[in-house]
Amino acid sequence: MRKPIIAGNWKMNKLTSEAVELAREVKDKTGTIADREIVLCPPFTVLSAVKEVIKGSSIKLGAQNMYWEVRGAYTGEVSPTMLKDIGCNYVILGHSERRQYFGETNETVNKKAKIAFSIGLIPIVCVGETLQQREKGETLTVIEEQVKTGLSGLTKEESKGLVVAYEPVWAIGTGKTATPEEAEEVQRFIRKLLGQMFGKENAQAIRILYGGSINPDNISVLMSCEDIDGGLIGGASLNVESFLKVVRY
Ligand code: PEP
């Protein structure tokens, strides 16, 4: 049985006081929820402040990106050990905004995923096709390349802890959600690929999230799909009411 994850990706939003307030409200109002994992992924600047607020609760902390070396002359970058040191459990890798605006590739995602595991961080590896790729019928080919290259070289043992997020680029921040059928087709395909890479049994343990305009109205139907094990939530995670409704789907 895979425990669902509801992860809030705050992107480049929230100053310290706003982050602390949101995290505190989420903590206060989710205290009794035990059948799903809640993960908050604030910007680097407020990771420590949010960690302080969620201390003593079961809420987990995630970063939105990192570099693939642990230290050195890499001005402006943040290392996996720094994230671990600050109390992160998770790190989002290969988000489509990183791929689109900052040159993230399947190869850099792979370097990051490997080092994340070696440091004890769980990567949430994002994959997803653009609208143009979907319209050209390339969705599954694109996903296959992202999964196979992005996760290449991970061990079977590591794979069990892995989290993958299917996020169709055309659904992120657009208000257009994939239908449950569209999402499930790709989620099932991803699990099949993971089975080929890491063995069927391990693939059954891997949580595959869906992300793309999830909101309180569409979360339940998406979560009823067999291969959707949670959600990566952008816009709806910035507001306590909508995030709590999503958490309590
Ligand atoms: C995301 O940023 O990962 C995301 C899915 O955003 P939104 O929910 O706003 O579409």
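Here the sequence shown is numbered in my numbering, starting from 242 and rising by one per residue.
Cβ coordinates follow ideal geometry from the N, Cα and C atoms, glycine included.
All values reported here derive from a predicted model rather than from experimental measurement.
Check: Endpoints, beta strand (DSSP E) assigned at L302; Outcome: 301-304
Check: Within 7 Å, strictly: CB atoms of G335 and E345; Outcome: yes
Check: Close Cβ partners of I460 (< 7 Å) along its chain, the five nearest in sequence each way excluded; Outcome: G472, V487, Y490
Check: Of the residues E398, K433, P364, G414, the one placed nearest I384, counting alpha carbons only; Outcome: K433
Check: The stretch 446-466 touching the stretch 388-406, judged by at least three CB pairs closer than 8 Å; Outcome: yes
Check: Cβ pair count under 8 Å reaching 3, the stretch 465-484 against the stretch 245-252; Outcome: yes
Check: Rounded C-alpha distance that separates M438 from F343; Outcome: 28 Å
Check: Whole-number beta carbon distance between A260 and A290, since they are thought to touch under 8 Å; Outcome: 6 Å
Check: Contact test: N250 Cβ vs the ligand PEP heavy atom, cutoff 6 Å; Outcome: yes
Check: Three-state secondary structure assigned by DSSP to P364; Outcome: strand
Check: Assumed close pair L288, I295 - CB separation to whole angstroms, cut-off 8 Å; Outcome: No, L288 and I295 are not in contact; Cβ-Cβ is about 11 Å, not under 8 Å.
Check: Euclidean distance between Cα positions of P285 and V311; Outcome: Looking at the sequence provided, one finds Phe at residue 285 rather than Pro. Taking the straight line joining both Cα atoms gives about 16 Å.
Check: Proximity test, G440 beta-carbon vs the ligand PEP heavy atom, cut-off 6 Å; Outcome: no
Check: Host alpha helix (DSSP H) of F342 (start-end); Outcome: Correcting the residue type first, residue 342 is Tyr in the shown sequence and not Phe. Per DSSP, Y342 belongs to the alpha helix (DSSP H) from 337-343.
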